[in-house]
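Report on one structure; see the data block that follows.
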Amino acid sequence: MRVLSLVLALIVAAACGSVTGPSGSVNAQVFLAPGESSRIVGTTLQLRFRGVVGDSRCPADALCILGGDALVRIDVMENGRTTGTYDLHTGSMQPVRHNDVTITLVELSPYPFSSRPIAPDDYRATLRVTR
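Going by my numbering, the sequence shown opens with residue 519, and the numbers climb by one from there.
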């Protein structure tokens, strides 16, 4: 009986984490390749990483006056339909708002090197969704 009570208490505690229902708080992070999508737990949203539209970041093995910028395009979907398309910039790392959530680009990899071009399918975006 004690074991059953302990298991139930752990299940209840796990359900009370930082990601809750649609009106609660959300703090989710996803790692996506171009074309991939992920459902955001605690919301009705799905994020799709469409790809990198442009990458002018200064290569790691070069000396540049400016750091440059890469433009990451994402779709926000609800019930299978795109309800918003956003461009996130590595230069400013400025988040975007979609309804009641904030979407932030955390990282875009790989970082460019002058001797190694990045194929479009090699990019990976780490995104954070918060409410």
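Where a beta carbon is used, it is the ideal one built from N, C-alpha and C, also for glycine.
Model, not experiment: these values are computed from the prediction.
Euclidean distance between Cα positions of residue i and residue j
i	j	result
residue 626	residue 637	13 Å
residue 603	residue 635	27 Å
residue 591	residue 566	9 Å
residue 649	residue 618	6 Å
Pair within 8 Å by beta-carbon distance, residue i and residue j
i	j	result
residue 547	residue 557	no
residue 642	residue 624	no
CB contact below 8 Å: residue i versus chain D
i	result
residue 647	Within the model displayed, chain D is absent; a lone protein chain is all it includes.
Residue i - DSSP class collapsed to helix/strand/coil
i	result
residue 559	coil
residue 553	coil
residue 569	strand
Anticipated Cβ contact below 8 Å, residue i with residue j, distance rounded
i	j	result
residue 569	residue 586	That belief does not hold up - the Cβ atoms of residue 569 and residue 586 are roughly 18 Å apart, past 8 Å.
Length at least 3, wholly inside the stretch 574–609: the beta strand (DSSP E) runs in chain order: Correct list: 588–596 and 599–607.
Every unbroken beta strand (DSSP E) inside the stretch 612–648 [3 residues or more]: Listed in chain order, they are 614–616, 619–627 and 642–648.
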